[in-house]
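Residue numbers (the working numbering): 579 to 698. Idealized CB from N, CA, C, for every residue including glycine. Since the structure is predicted, the reported quantities are computational estimates derived from the model, not experimental observations. One structure below.
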Amino acid sequence: MDLVEHRAQSVRVMRISAALAELNREFAVAVEMPRAVSTEWATRAERRALISARRASWWALLGRAAVDAGLDVVFLQAAMVAQCTERDNARFWRQCARDWQAEASGSVGVGSERHELGVA
């Protein structure tokens with residue numbers, strides 16, 4: 579890798595790192611969102627789902643950057659684990675949002691994932 583490629587790779591990784599840091603800040607704000615009623619819980623869960631999905635995408639880019647830079651496979655594997663974890667988190671929070679919306683509308687079902695997992 580020549581100096582130009584190395585510099586471009588460094589800039590790419592710094593952008594990814596900055597984006598993940600910003601999403602971590604956004605997630606901390608989302609955690610503190612109001613949650614007195616079901617609709618607020620749903621809005622909070624939707625926001626957390628969106629942030630988790632965006633983090634999953636950035637982790638995927640970081641994994642690709644690790645491959646492009648010729649780093650050891652362990653870096654790719656770590657990024658893949660983080661990506662999958664965030665993707666699963668997004669799925670969980672989307673389901674929680676649907677459950678809270680159903681509860682707000684009075685149509686919550688017995689099989690709601692949120693109730694099964696004890697998230698209430």
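**OP:** Helix, strand or coil for Val615, going by three-state DSSP, please let me know.
**Re:** coil
Subject >> Supposed close pair Ala643, Gln587 - CB separation, criterion 8 Å >> reply: 7 Å
**OP:** State the start and end residues of the unbroken alpha helix (DSSP H) segment that holds Ser588.
**Re:** Leu581 to Val609
**OP:** Identify whether Asp666 lies in helix, strand or coil by the three-state DSSP scheme.
**Re:** helix
**OP:** Rank Ser683, Ser685, Ala675 and Gly684 by C-alpha distance to the C-alpha of Glu619 and give the top, closest one.
**Re:** The sequence as given places Trp at residue 619; Glu does not occur at that position. When only C-alpha atoms are compared, the closest one is Ala675.
Original post:
Do the CB positions of Met611 and Arg633 come within less than 9 Å of each other?
Top reply: no
**OP:** Please classify Asp646: is it buried, with 16 or more other beta-carbons within 10 angstroms of its beta-carbon, or exposed?
**Re:** exposed
Subject >> Separation of Asn667 from Arg622, as counted between CA atoms >> reply: 14 Å
Original post:
Based on Cα-Cα distance, which residue from Gly648, Ser685, Trp671 and Leu581 lies nearest to Ser630?
Top reply: Trp671
Original post:
Nearest-angstrom Cα distance between Ile594 and Trp636?
Top reply: 6 Å
Original post:
In chain order, which continuous runs of the alpha helix (DSSP H) of length 4 or greater are located wholly inside the region 613–659?
Top reply: 616–646
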